[in-house]
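Counting from 1, one number per residue, gives the positions in the sequence shown under the working numbering.
Just so you know, even glycine gets a beta-carbon here, dropped at the ideal spot from N, CA and C.
What follows is a short report on a single structure.
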Amino acid sequence: MRDAVTAETRCDPAHKLAQLTDRVSRLAVKLHSYGSMIRHRTNLSGETYTGLIMQYRRISFFTALLLALAGLTGCASISSTAQQSAAESVANATTPAKTQPRPHRGLAIARDMVGMPYRYGGADPRGFDCSGLVYYSYRKAGIEVPRTAAEQYSKSKRVQAGHLQPGDLVFFTISRDKLSHVGIYAGNGRFIHSPSSGNPVAYASLHDPYWGVRLTGSGRLQQADN
Numbered sequence: 001m002r003d004a005v006t007a008e009t010r011c012d013p014a015h016k017l018a019q020l021t022d023r024v025s026r027l028a029v030k031l032h033s034y035g036s037m038i039r040h041r042t043n044l045s046g047e048t049y050t051g052l053i054m055q056y057r058r059i060s061f062f063t064a065l066l067l068a069l070a071g072l073t074g075c076a077s078i079s080s081t082a083q084q085s086a087a088e089s090v091a092n093a094t095t096p097a098k099t100q101p102r103p104h105r106g107l108a109i110a111r112d113m114v115g116m117p118y119r120y121g122g123a124d125p126r127g128f129d130c131s132g133l134v135y136y137s138y139r140k141a142g143i144e145v146p147r148t149a150a151e152q153y154s155k156s157k158r159v160q161a162g163h164l165q166p167g168d169l170v171f172f173t174i175s176r177d178k179l180s181h182v183g184i185y186a187g188n189g190r191f192i193h194s195p196s197s198g199n200p201v202a203y204a205s206l207h208d209p210y211w212g213v214r215l216t217g218s219g220r221l222q223q224a225d226n
């Protein structure tokens, strides 16, 4: 009797669907992690990185589909409706969100500069001032950008604070009612900047009262498609 109950539980549609959803979710997370790790270690970008991501998506979908079919064929009691639900779960778990913005190359370069010293007028790894960090990171990523914070503000397209994306620029008025500081938005309310003499390139938070009240505006410079 106990064995019969156990077998019945294993073939219960809800039980099987829960198992399959869990396996598919873990597989999708692993594949995404592998893709991010490869990109980080090889510094892939453009068409090469896009092609790699597409390959991972195909592998994720077909592998998850095989897992679903293998699990479902062992239980004759599962209805066609349950099988359709399982297939939909696989598709939902492995299909990336269409609205997710692609990684910003300028931001990736700025992240590598965290810890570098501040240097007035600096725009290379020997030392950066605030606009020099933006200038170096963006131009290394192939994005044309002016040199000073005021010029970067004028050149960029205005973005509302609620619509900031990683890689956007955030501008601040520190003193004398003049825009005089810039950072690169990194997501989750944080930005990367080169703050001042004696302080290296670092993360800061827009939720910090010091920066929050001095935020003047934000802007976006489009990166190339390739």
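| query | result |
| --- | --- |
| Any idea which residues DSSP pairs residue 124 with across the strands? | 127 |
| Taking only the alpha-carbon atoms, compute the straight-line gap between residue 162 and residue 187 and give it to the nearest angstrom. | 11 Å |
| Helix, strand or coil: which one does DSSP assign to residue 193? | strand |
| With the cut-off set at 8 Å, would you say residue 195 and residue 118 are in Cβ contact? | yes |
| CB residue 174 to CB residue 114, shorter than 8 Å? | no |
| Please report the straight-line C-alpha distance between residue 197 and residue 103, rounded to a whole angstrom. | 30 Å |
| Mind the definition here: the region 196-213 touches the region 141-152 only if three or more C-beta pairs lie below 8 Å; say whether that holds. | no |
| Nearest-angstrom Cα distance between residue 216 and residue 180? | 10 Å |
| Relative to the alpha-carbon of residue 223, which residue among 123, 145 and 131 has its alpha-carbon at the smallest distance? | 145 |
| Return helix, strand or coil for residue 107, following the three-state DSSP convention. | helix |
| Quick one: give me the first and last residue of the alpha helix (DSSP H) that residue 156 is part of. | Where residue 156 is concerned, there is no enclosing alpha helix (DSSP H), given that its DSSP letter is neither H nor E. |
| Going by DSSP, what residue range makes up the beta strand (DSSP E) through residue 203? | 202-205 |
| Have a look at the DSSP bridge pairing and note the partners of residue 216. | Partner(s): none; residue 216 has no beta bridge. |
| Please classify residue 186: does DSSP put it in a helix, a strand, or coil? | strand |
| Which residue's Cα is closest to the Cα of residue 123: 178, 136, 116 and 156? | 136 |
| Between which two residues does the beta strand (DSSP E) holding residue 174 run? | 169-175 |
| Are there 16 or more other CB atoms within 10 angstroms of the CB of residue 213, so buried, or fewer, so exposed? | exposed |
| In the structure shown, what three-state DSSP assignment does residue 179 receive? | strand |
| Mind checking residue 158: buried by the 16 CB within 10 Å criterion, or exposed? | exposed |
| On the CB-based measure, 16 or more other CB atoms within 10 Å of its CB, does residue 218 come out buried or exposed? | buried |
| I need the DSSP call for residue 142, collapsed to helix, strand or coil. | coil |
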